[in-house]
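K.L.:
Below you'll find the structure I mean.
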Amino acid sequence: MDGDTISRLAYLAIILVALGGWAMVEFRQRMGQALRMVAAWGLIFLAMMAGYGLWTDIRSDIMPTQMVSTTGAIEVPRAADGHYYLTLEVNGTPVVFMADTGATNMVLSRDDARRLGIEPDSLLYVGEASTANGVVRTARVELPLVELGPFRNESFPAWVNDAEMDGSLLGMDYLGQFRLEIDGDKMVLRQ
Numbered sequence: 009m010d011g012d013t014i015s016r017l018a019y020l021a022i023i024l025v026a027l028g029g030w031a032m033v034e035f036r037q038r039m040g041q042a043l044r045m046v047a048a049w050g051l052i053f054l055a056m057m058a059g060y061g062l063w064t065d066i067r068s069d070i071m072p073t074q075m076v077s078t079t080g081a082i083e084v085p086r087a088a089d090g091h092y093y094l095t096l097e098v099n100g101t102p103v104v105f106m107a108d109t110g111a112t113n114m115v116l117s118r119d120d121a122r123r124l125g126i127e128p129d130s131l132l133y134v135g136e137a138s139t140a141n142g143v144v145r146t147a148r149v150e151l152p153l154v155e156l157g158p159f160r161n162e163s164f165p166a167w168v169n170d171a172e173m174d175g176s177l178l179g180m181d182y183l184g185q186f187r188l189e190i191d192g193d194k195m196v197l198r199q
């Protein structure tokens, strides 16, 4: 163990001793009540851990991911919210995009731009885009490598949105290189 881990364990031990000491003083006449409370909090903690474990197991059912079929097509299942989400590798970093056939360009949220090493505050926002929320300022960037399964694009243009966004959008400048097909609850991309 390194020094950081030891200091964290020591800090947690101090907190545990302080809480244990407080419980002993507070409940010295009512130890049965104290044990029931400890058991209740223990069960709450176990339920939270079980919930987290269950969430990691079912997350792929709630927000399914794309797969490459045997024919080389990308099959993207519809998510519970009715949208299609694709995970692209941008310079080796996975970025989740919502497929938006109403958008012209690939648009990065400020958070995704930061994850890719682009500092949004240092960009020159000279472009404008009309959105459902009004006109927003945009800055053009170039992504050295964008990959979706077996498909690769080098020096792909994208725009960083100056407004807050929940996630990044995959517009028609990227989707337009594929033949799009909606087949039941999945979107199929072929080249």
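Each residue of the sequence shown is one higher than the one before, counting from 9 in the working numbering. A virtual CB, placed ideally from N, CA and C, is assigned to each residue, including glycine. These figures come from a predicted structure and were not determined experimentally.
Based on the DSSP output, what are the partners of glutamate 83 in its beta bridges?
P.N.:
Met75, Val196, per the DSSP bridge assignment.
K.L.:
For valine 154, which of Trp49, Glu189, Gly29, Met114 has the nearest alpha-carbon?
P.N.:
Closest option to valine 154, Cα to Cα, is Met114.
K.L.:
Please report the straight-line C-alpha distance between alanine 21 and arginine 38, rounded to a whole angstrom.
P.N.:
So the alpha carbons of these two residues sit roughly 25 Å apart.
K.L.:
In three-state DSSP terms, what is tyrosine 19?
P.N.:
Residue state, collapsed to three classes: helix.
K.L.:
Are alanine 88 and valine 196 closer than 9 Å when you measure CB to CB?
P.N.:
Taking 9 Å as the Cβ cut-off, alanine 88 and valine 196 do not qualify as a contacting pair.
K.L.:
Looking at C-alpha atoms only, which residue of Asp120, Leu131, Ala42 is the closest neighbour of aspartate 174?
P.N.:
Of the listed residues, the one whose Cα sits closest to aspartate 174 is Asp120.
K.L.:
Out of Ile23, Leu54, Thr73, point me to the one whose CA is closest to lysine 194's CA.
P.N.:
Among Ile23, Leu54, Thr73, the Cα nearest to that of lysine 194 is on Thr73.
K.L.:
Beta-carbon separation of threonine 112 and alanine 140 under 9 Å?
P.N.:
Against a cut-off of 9 Å, the Cβ pair of alanine 140 and threonine 112 comes out as no contact.
K.L.:
Kindly indicate the opening and closing residues of the beta strand (DSSP E) around arginine 38.
P.N.:
Here arginine 38 belongs to no beta strand (DSSP E), and DSSP marks it neither H nor E.
K.L.:
So, is alanine 58 buried or exposed, given that buried needs 16 or more other C-beta atoms within 10 angstroms?
P.N.:
Classification of alanine 58: exposed, given that the 10 Å Cβ count is below 16.
K.L.:
With a threshold of 8 Å, are at least 3 pairs of Cβ atoms found where one atom belongs to the stretch 95 to 103 and the other to the stretch 143 to 162?
P.N.:
With the cut-off at 8 Å, the stretch 95 to 103 and the stretch 143 to 162 touch.
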